[in-house]
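Read the structure below first, then the notes.
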Amino acid sequence: AIAPGKIITGKPGVANDPEALDYSRRRTPWPRLGQPNEVAGAALFLASDMASYVTGINLMVDGGWMAG
654 AIAPGKIITG
664 KPGVANDPEA
674 LDYSRRRTPW
684 PRLGQPNEVA
694 GAALFLASDM
704 ASYVTGINLM
714 VDGGWMAG
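In terms of our numbering, the sequence shown opens at residue 654 and continues consecutively.
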């Protein structure tokens, strides 16, 4: 499974709320929101032969939010 963090999508939400955006930037080790292509990269990896022995994981794509 892929567990995305705060991702810029172009839809209303955190990216359009200055206070929420500031909080997210301060709380994440990478002081920015993620990009859709970063989540897509994780999906491509899991669907590729490079992940043929990967099983039973929850791949966090959150810029360190959960570690933070």
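Think of the CB as a built atom: it goes at the ideal place given N, C-alpha and C, for glycine as much as any other residue.
Original post:
Taking Cβ to Cβ, would you say Thr-662 is nearer than 8 Å to Gly-717?
Top reply: Counting from one through the sequence shown, the residue named residue 662 turns up at place 9. Counting from one through the sequence shown, the residue named residue 717 turns up at place 64. Not closer than 8 Å, so no.
Original post:
Which stretch, first to last residue, makes up the beta strand (DSSP E) that contains Ala-654?
Top reply: Indexing the sequence shown from 1 puts residue 654 at position 1. First-last for Ala-654: undefined, no H or E at that position.
Original post:
Which of the three DSSP states, helix, strand or coil, is assigned to Met-703?
Top reply: As a position in the sequence shown, residue 703 is number 50, starting the count at 1. DSSP places Met-703 in helix when its eight states are reduced to three.
**OP:** Please report the residue range of the alpha helix (DSSP H) in which Leu-674 lies.
**Re:** On the sequence shown, position 21 is the one that residue 674 refers to. Leu-674 -> alpha helix (DSSP H) spans 671-680.
**OP:** Note down, in chain order, each residue of its chain lying with its Cβ closer than 7 Å to the Cβ of Ala-704, except the 5 sequence neighbours on either side.
**Re:** Here the question's residue 704 lines up with position 51 in the sequence shown. Closer than 7 Å at Cβ, skipping near neighbours: Phe-698.
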